[in-house]
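Protein chains in written order, with the numbering used here: chain Y, 1 to 316; chain R, 1001 to 1474. Heads up, the beta-carbon is just placed ideally off N, CA and C, and yes, glycines get one too. Here the structure comes first, spelled out in C-alpha cells, and everything after it is commentary.
This is the structure we're talking about:
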C-alpha cells in the first residue's frame, strides 16, 4: 500500500469522527438554548460548544453576537471555521476520493452521498426548529460511515489505518472536552452543593460524549458525581468514548498492523504503553497528580502517537 | 444550421421506418408512456452521482464536479458495420505506431518526401529526447481512442486519432452498467457485445510491454495528476478495476535508474506506468522544470529500459492536427494498403492556397487550432455569428500555421431523449483500442451526443452528453 493511501485512510476516518463530534457539541448547545436554567444565561451553553471544539477565538473574530443561529452556522456550514462539519466532511471526502481504489463501493457511497446531501442544504433553512433533526441526520450519516467501514472493508492494512484515524480523533476529542471543563470535574466541586452550575457542565459533558444514559448503567446507584464522570470518561473500558477504550482499540490495531506487516514498529510500543498505563491507573492517582496536567499530557502523547504512526508507515 | 442540411438518421430510413439494427428498439420505444424516459434519466443521474462519476470543468468554481449528461437511448451498430470499422481502426493504429518508430529512428518517411521534414522536426509534439530509443515491442501508443463520425449508411470518417492520453473509457463501462440496471429487458432482446472485459485487456496489454515480460508478477501503476484533474474519476476507476495502485508523482521516486513507489513498507519497484499526465509533466529534469506533478529522473529510467511508460512520451506527434492530413499517406507508406477508413478532407492553413480557400469560405467550414483540444479555440462557421467570424479571421490571418480547416460534416444523428420527447441529435463515436502483444478493440466505445438541437459540438466541456453504444453480435 502507498504511504499516501495509508495517510488518506487515516484522515478520512479522522475527519468523519470530527464532524460527528462537532455536531454533538452543537446539540448540547441547542439543548442549553431551549432549557432555561435558574438565572443562567444561554451564553454558557454556547461557549461550551465553542471552547470544546477549539474555535472560540475564530468565532469571536467573526461575530459580535453569540446566538444559536450564528453558532449553528459557524459550527455546521462555515468555510472559515477549520473544524466546521462542512469542512470536515469535505476533507473526509477528498481523502476518500484520493483512495477510491482502496475503499469499498458501499463506503464510498456513504461518504459521497453525505457530502452531496450536505451541500444541497441551504444553511438559511436550518432554523432553530429544524436544527435537532439536521443534527440527528449528521449523526446518522456518521454512523452509516462507521457501519460501512466495519461491515464491508477487508481486514487488511487499509482497515487498520482507518481505525487508527477514528480512535486517535475520538481520544483527542474526549480529552479536550474534559480538559476545557476540568475545573468542573475536580472532586472539590462535589462538596459545593450549590447545584445547577456544575451539574449543567456534567450533563453537557456526558451528552457531548454520548454518555448520558450509559453513565446510569455504569453507576447504577450513584447520582452524577465529578469523580464518577471523570472515571467513566477516562478509565472505564466499556465506555466507547473513554480514553481507555480508545487506546485499547489503538493498541489492538497497532498489534494487527504489526502482524500484517510482520514487523515491530516504535508506534506499537507506544500504543501498548499508553493503553497499559490507562488500564493500571486509578482515578485517585490522577486527581493527586492533577487532572488538568494528566489530560494535557495525554493530549500531547496522543498527538505524538499519531506522529510516530505516520513516520513508521511513511504517511505523506 | 446543420439541421437545414440533410443528415444521416441512424435509426430511421428515408421512409421513416426503422433500420434493421434499431427495429426492436423502435418498437420498444413506441409503447412507453410519455414520462418513462424522464424518470429513467433521473434514475441514471442518481446512480452516477452516488458513484461519483463526475468530471471537473476548469474555470467553473461553482460546479467543479459535474455529471456528464447521460442519454438513456442506446446507439446501435450492427455486426457488419462494426467489422468494417474495427478493421479500419486496426490498420490505422498499426500504421501510426510504425510511423512513430520511424520518425524516432531512421525517418524513412521524411527521406521519401511523403511528409515535409519541418512539419515533424519543428513540431512541438515531436520529442527529440525519444530519438534512437525503442520501446518494448516497438509500441508507442498503447491506448488510443479513435474519434469517428458517420455521414451516411456506409461512410465513416476519422476525425482525430487521440494517441496521447485519451479519456472516456470509464464512461463507456459505466454507461453500460447503468443501462443494464435501467433496462434489463432490452439486453434479453438484443445480443449486445460486452465491454466489461476492457480493464482485464488493458492490464494484459500493459503487462505485455513490461521491460521484462518473463517476470511472473508485474507491478503496474496508474499515474494521475490528482483528485482535481478533470478525469480523476476515470483514473481511479481504471486502477481499481485492474487491481493496481493509483499513484501521484510524489508517490514515485527514481533510485539507481529504477522507479519505485513509496509504500507503507519497503519501496516497491514499478515495471509499467500507465500515465494520465501530459509529456511535459512527466519528469521535471527532462521536460518542464516547474512541474510539481512529475517524477525527477523518470525519463532516464525509461530510456535505460527499466520501466515502461504508456503511452510513450512523444506520441503527441501522431495525433497532431498538422500531421492528421498525412495519415492516409502514412497508412499506405507503412502497410502498403489503401486506408479502410477515410480522413476528413483537411486544409492546412500554413499552405498559402489552402489558407486563401479557408478565408474565402469561413462561413461554411470548421477551423481548428492545431494544438487545441476539448472543443476550445475552434470556429464552426455555419453556427458562428458574423462578429465571431470577423474576429476569428483576424487571428487566423495573424497565425495561419496554428490552424487547419475541414468542411462542416453532416454528423449522423441518433434518437435522443429531449424535453419534447425523442428527437434526433448529432453524435460521434470513440472506440477504445489497446496495442501491446495484440491489437484489441473493445466493441462499442463512447458515443458523445450534442444535446442542443442542431449543434455539432459533442464535447462534454461544451454541453455534450454520452450514450451507451451497442455493437450487436451476429
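- Taking every protein chain shown into account, the CB of residue 282(Y) has fewer than 16 other CB atoms within 10 angstroms, so this residue is exposed.
- Contacts with chain R (Cβ-Cβ distance below 7 Å) from the stretch 229 to 263 of chain Y involve 261, listed in chain order.
- The C-alpha of residue 73(Y) lies about 26 Å from the C-alpha of residue 1049(R).
- Contact residues of the stretch 1231 to 1247 of chain R toward chain Y are 1236, 1239, 1240, 1245, 1246, 1247 (C-beta to C-beta distance below 7 Å).
- Within the stretch 1087 to 1126 of chain R, the complete alpha helix (DSSP H) runs of at least 4 residues fall at 1108 to 1111, 1117 to 1121.
- For residue 204(Y), the number of other beta carbons within 10 angstroms of its own is at least 16, and it is reported as buried.
- Linking residue 89(Y) to residue 1154(R) through their CA atoms gives a straight-line distance of about 53 Å.
- Put simply, the CB of residue 1181(R) is far from chain Y, with every gap to its CB atoms at 8 Å or more.
- Every beta strand (DSSP E) stretch that sits fully inside the stretch 1346 to 1405 of chain R and reaches 3 residues is listed by chain position as 1365 to 1369.
- Bounds of any alpha helix (DSSP H) do not take in residue 262(Y), whose DSSP letter is neither H nor E.
- Residue 130(Y) is not a Cβ neighbour of residue 115(Y), given a cutoff of 8 Å.
- The beta carbon of residue 1130(R) does not come within 8 Å of any beta carbon belonging to chain Y, so the residue lies off that interface.
- Within the same chain, and ignoring the five residues on either side of residue 1246(R) in sequence, the residues whose Cβ sits closer than 7 Å to its Cβ are 1222, 1224, 1235, 1236, 1239.
- In the three-state reduction of the DSSP assignment, residue 1419(R) falls in the coil class, being assigned neither a helical nor a strand state.
- Contact annotation: residue 1279(R) and residue 1287(R) have beta-carbon atoms nearer than 8 Å.
- Shown in chain order are the members of the stretch 100 to 118 of chain Y whose Cβ falls below 7 Å from a Cβ of chain R: 100, 101, 108, 109, 112, 113, 116.
- When C-beta atoms of the stretch 1436 to 1452 of chain R are compared with those of the stretch 1165 to 1174 of chain R, three or more pairs fall below 8 Å, so the two segments count as touching.
- The straight-line gap separating the alpha-carbon atoms of residue 230(Y) and residue 172(Y) is approximately 15 Å.
- At the C-beta level, residue 179(Y) and residue 299(Y) come within 8 Å of one another.
- Here the alpha carbons of residue 1378(R) and residue 1318(R) stand approximately 20 Å from one another.
- By the Cβ test, the stretch 1382 to 1390 of chain R is not in contact with the stretch 1458 to 1466 of chain R, since fewer than three Cβ pairs between them sit closer than 8 Å.
- Between the C-alpha atoms of residue 239(Y) and residue 1266(R) there is a straight-line separation of about 38 Å.
- The bridge partners DSSP lists for residue 1469(R) are 1075(R).
- DSSP places residue 1407(R) within a strand segment (E or B) once states are collapsed to three.
- The beta carbon of residue 1110(R) is closer than 6 Å to those of 1117 in its chain, skipping five residues each way along the sequence.
- In summary, residue 151(Y) is exposed, with fewer than 16 beta-carbon neighbours lying within 10 Å of its beta-carbon over all protein chains present.
- Counting other Cβ atoms within 10 Å of its Cβ, residue 34(Y) stays below 16 and is therefore classed as exposed.
- Contact annotation for residue 1227(R) against chain Y: 94, 97, 98 [CB-CB distance below 8 Å, chain order].
- Fewer than three beta-carbon pairs drawn from the stretch 1111 to 1130 of chain R and the stretch 1387 to 1402 of chain R are found closer than 8 Å, and the two stretches are therefore not classed as touching.
- Identification of residues in the stretch 1086 to 1106 of chain R having a C-beta nearer than 8 Å to some C-beta of chain Y yields an empty set.
- Ranking 1327(R), 1408(R), 1355(R), 1290(R) by CA distance to the CA of residue 1162(R) puts 1327(R) first.
- Residue 65(Y) sits in coil when the DSSP states are folded into three classes, being neither helix nor strand.
- Contacts with chain R at 8 Å (Cβ-Cβ) include residue 3(Y).
- For residue 1092(R), the closest C-alpha among the options 1143(R), 1112(R), 1361(R), 1115(R) is that of 1143(R).
- Under the 10 Å beta carbon count, residue 1006(R) is surrounded by fewer than 16 other beta carbons and is classified as exposed.
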